[in-house]
Amino acid sequence: MPRVYNFSAGPSMLPLPVLERAAAEMTDYNGSGMSVAEMSHRSKIYESIIHETEESLRRILSIPDNYKVLFMQGGATLQFAAVPMNLIGKTGKADYVISGQFSDKAYKEAKKYGDIRVVASSADENFTYVPHITRADIRDDASYVHICYNNTIYGTRYNYIPDTGDIPLTADMSSYILSEPFDVTKFGLIYAGAQKNMGPAGVTVVIVREDLLGNALPFTPALTDYKITADNESMYNTPPCYSIYMMGLVFKWIEETGGLAAMKERNERKAKILYDYLDSQDYYIAPVKPEFRSVMNVTFVTGSTELDKKFAAEAEKAGLVNLKGHRSVGGMRASIYNAMPEEGIIKLVEFMKEFAKNNKK
Ligand SMILES: *Cc1c(COP(=O)(O)O)cnc(C)c1O
Numbered sequence: 000m001p002r003v004y005n006f007s008a009g010p011s012m013l014p015l016p017v018l019e020r021a022a023a024e025m026t027d028y029n030g031s032g033m034s035v036a037e038m039s040h041r042s043k044i045y046e047s048i049i050h051e052t053e054e055s056l057r058r059i060l061s062i063p064d065n066y067k068v069l070f071m072q073g074g075a076t077l078q079f080a081a082v083p084m085n086l087i088g089k090t091g092k093a094d095y096v097i098s099g100q101f102s103d104k105a106y107k108e109a110k111k112y113g114d115i116r117v118v119a120s121s122a123d124e125n126f127t128y129v130p131h132i133t134r135a136d137i138r139d140d141a142s143y144v145h146i147c148y149n150n151t152i153y154g155t156r157y158n159y160i161p162d163t164g165d166i167p168l169t170a171d172m173s174s175y176i177l178s179e180p181f182d183v184t185k186f187g188l189i190y191a192g193a194q195k196n197m198g199p200a201g202v203t204v205v206i207v208r209e210d211l212l213g214n215a216l217p218f219t220p221a222l223t224d225y226k227i228t229a230d231n232e233s234m235y236n237t238p239p240c241y242s243i244y245m246m247g248l249v250f251k252w253i254e255e256t257g258g259l260a261a262m263k264e265r266n267e268r269k270a271k272i273l274y275d276y277l278d279s280q281d282y283y284i285a286p287v288k289p290e291f292r293s294v295m296n297v298t299f300v301t302g303s304t305e306l307d308k309k310f311a312a313e314a315e316k317a318g319l320v321n322l323k324g325h326r327s328v329g330g331m332r333a334s335i336y337n338a339m340p341e342e343g344i345i346k347l348v349e350f351m352k353e354f355a356k357n358n359k360k
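Using numbering that gives the first Met the number 0, you'd call the opening residue of the sequence shown number 0 and step up by one each time.
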């Protein structure tokens, strides 16, 4: 079976050269006579894999030396708890922006650990935009501010980095990270599950400014404690060895294909093909306000639940899979992360035109 164009929001497509290299190295990694999946995480050879992976990410994102890079488990969802457990200790308070379902989940989880206030929410317009916040909206004694930078389910993104002044900005970047360059120093902490744009599920990247470490609440489990994780170079216990290795292959692929500047150019060109088509017709409706359109997750509906269902089913037969929108919002969603080739989007637009012609409303 030829490879399909997989528009899944995550786990999502991986670059073919990465999969091929992993396959070639599956039974004998670099002359070791074993698979990375079989290696001791304390071995010299694995240590070099995890270190190279971190170094590669540091180069790609120009991460300064005063930031720690941590490889953790439990997905972005465990970070919803880890962030407050580690950062709220200074004042017991934190401020959250609600711009979709994941930021709402993060907010609800954080409420278990302190005094959490909602700074702003776009629930009033069904999350079709991203709120604008400034330092004046944030409590002076908030330990941090939390945002979700790209809203995977609704297909919106921040088109600015909030200036939170002296209050550290923390961001869930699960479906945004590595899609374009951004200034790490504008953030106190960034976290992202790997399975959207970095690799297979199982590893979560946390990038945290050093001065924020060391304030964990007393009951914080060792495995969610950033300081303990940093002090043990992400190997307090067995890390998700194979996922980290594959993520490292993805980082190498990014470096070999021009880094994030080239990635941004490709991603914007890809998204433009789809949004230009959506704007040129009136069969499909794109609910997101144009200035907040995500470059990674593109949402649209036909306006009929029946036709939406038919669309996803027929697209699947044409080799365009996982276009069904999130179960909570319906419609369609095309997740077009780094590994989705431009050709996949051209095929999708051709399919959309054909479908509109054959299924009059
Ligand atoms: C996918 C996703 C999550 C949930 O990630 P898990 O790894 O399943 O916990 C959280 N936030 C955002 C923005 C996501 O895209």
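Glycine residues also receive a C-beta, built at the ideal position from the N, C-alpha and C atoms.
Within the stretch 122-168, the complete beta strand (DSSP E) segments at least 3 residues long are 144-147, listed from N- to C-terminus. Shown here, Met0 sits in coil according to DSSP, grouped into three states, outside any helix or strand. The stretch 217-235 and the stretch 27-37 do not touch, with fewer than 3 CB-CB distances between them shorter than 8 Å. Pairwise C-beta distances place the stretch 162-176 out of contact with the stretch 37-54, as fewer than three of them are shorter than 8 Å. DSSP, read as helix, strand or coil, puts Ser39 in coil. Taken through DSSP and simplified to helix, strand or coil, Thr184 comes out as helix.
With fewer than 16 other CB atoms across the displayed protein chains lying within 10 angstroms of its CB, Thr184 is exposed. Counting only residues of its own chain and dropping the five nearest sequence neighbours on each side, Asn65 has a CB closer than 7 Å to the CB of Arg208, Glu209.
The Cβ neighbour count for Asn357, taken over all protein chains shown within 10 Å, is under 16; the residue is labelled exposed. Your pair Tyr190 and Gln72 does not check out as a contact, with CB atoms roughly 12 Å apart and the cut at 8 Å.
Secondary structure of Asn266 (DSSP, three-state): helix.
Under the DSSP assignment, Arg20 falls in the alpha helix (DSSP H) whose first and last residues are 15-23. Residue pairing from DSSP places Met331 in a beta bridge opposite Phe299, Lys323.
Rounded to the nearest angstrom, the gap between the Cα atoms of Asn85 and Thr301 is 44 Å.
Rounded to the nearest whole angstrom, the C-alpha separation of Phe186 and Ser47 is 28 Å. Between Asn214 and Lys89 the beta-carbon gap is near 6 Å, inside 8 Å, which marks them as a contact. Within 7 Å of the C-beta of Phe70 there is not a single heavy atom belonging to ligand 1. Boundaries for Ile97: no alpha helix (DSSP H) harbours it, while the beta strand (DSSP E) harbouring it runs 92-97, taken from the DSSP string.
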